[in-house]
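Colleague: Submitted below is the structure of interest, expressed as structure tokens.
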Amino acid sequence: MIKIEDIQRRLREAIQYSNVSQKELAKKLGINPSTVSKYMRLDKFPSLDTFANICEILDISADEILGLK
Numbered sequence: 000m001i002k003i004e005d006i007q008r009r010l011r012e013a014i015q016y017s018n019v020s021q022k023e024l025a026k027k028l029g030i031n032p033s034t035v036s037k038y039m040r041l042d043k044f045p046s047l048d049t050f051a052n053i054c055e056i057l058d059i060s061a062d063e064i065l066g067l068k
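End of the sequence shown = 68 in numbering that gives the first Met the number 0, gap-free, step of one.
This is the structure:
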């Protein structure tokens, strides 16, 4: 069973280990850096379109973040 907490954790790890800073990620997404910070603290989950864009920017499969791979 897929749990949102696990997805959030994997997303946070993908952002942490990428070569993209939180500030740079926010700029590429057109969102406030504080929003990315909320993703990192697991306080908020991105909308589906933002999630897809994060995966594209980080060059990571959504399946991997979702725990399907």
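We put the CB at the ideal spot given by N, CA and C, even for glycine. Just so you know, these numbers come straight off a predicted model, no measurement behind them.
What is the rounded straight-line gap between the Cα of Glu23 and the Cα of Met0?
Modeller: The straight-line gap from Cα to Cα measures roughly 33 Å.
Colleague: With H, G and I counted as helix, E and B as strand and the rest as coil, what does DSSP make of Ser60?
Modeller: Looking at Ser60 - three-state DSSP - the assignment turns out to be coil, as it is neither helix nor strand.
Colleague: Measure the Cβ-Cβ separation of Ile59 and Ala25 and say whether it is below 8 Å.
Modeller: No, these two residues do not count as a Cβ contact at 8 Å.
Colleague: Where does Pro45 fall in DSSP's three states?
Modeller: Pro45: coil per DSSP, three-state reduction.
Colleague: CA-CA distance, Val19 and Lys43?
Modeller: If I take the Cα positions, the gap works out to 19 Å.
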